[in-house]
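Residues 1 to 115 (the working numbering) make up the sequence shown, in order. No residue lacks a Cβ here, since even glycine has one placed at the ideal position from N, Cα and C. What follows is one structure encoded as structure tokens, with my remarks underneath.
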Amino acid sequence: MLDNGKAAEVFGRMVAAQKGPTDFVENYAKYLPTAMLTKAVYADTEGFVSEMDTRALGMAVVAMGGGRRQASDTIDYSVGFTDMARLGDQVDGQRPLAVIHAKDENSWQDAAKSG
């Protein structure tokens, strides 16, 4: 489903149904802000991803401003994780664990210690 584009097509229809831009999938960069700092984080040792603390990763996104602690908090849509290694993936100095999108170096450092 992901390889054939069907998921993106369905997502685009969902965005449009909620009064979002009809070209969001094709032109997402036009609508989403870019983080001030985008940098990969690498494993300390070569090996395979055997576990992942998804709660810690989620809380790291919240700490960077990408989620709410209270209903009144605003969300920074530019921060978060992309290109995350999956369970079973081999990681080394060439293959990052993830790419962190942060507002500054301190936020990046804190997020790099999570999960």
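Q: Leaving out five residues on either side along the sequence, give the residues of the same chain with a beta carbon under 8 Å from the beta carbon of D110.
A: The residue you call residue 110 lines up with position 110 of the sequence shown. The answer, listed in chain order, is A60, A63, M64.
Q | Same chain, Cβ closer than 7 Å to G12, five either side skipped, listed in chain order | A | Locating residue 12 in the sequence shown gives position 12, counting from the first residue. So the qualifying residues of the chain are F24, V25.
Q: Using alpha carbons as the reference points, say which of L37, V79, P21 lies closest to E105.
A: Reading the sequence shown from its first residue, position 105 is the one you call residue 105. Measuring from the Cα of E105, the nearest candidate turns out to be L37.
Q) Relative to the alpha-carbon of R86, which residue among G47, K19, K30 has its alpha-carbon at the smallest distance? A) On the sequence shown, position 86 is the one that residue 86 refers to. Here the closest residue by C-alpha is G47.
**Q.** DSSP three-state assignment for V99, whether helix, strand or coil
**A.** As a position in the sequence shown, residue 99 is number 99, starting the count at 1. Look at V99 here: in three-state DSSP terms it is strand.
Q: Reducing DSSP to helix, strand and coil, say where A43 ends up.
A: As a first step, residue 43 must be located in the sequence shown, where it is residue number 43. Reduced to three states, the DSSP call for A43 is coil.
Q: Could you tell me how far apart the beta carbons of G117 and D76 are, in whole angstroms, since I believe they sit closer than 8 Å?
A: In the structure as shown, the chain begins at 1 and stops at 115. Residue 117 is therefore absent and cannot be evaluated.
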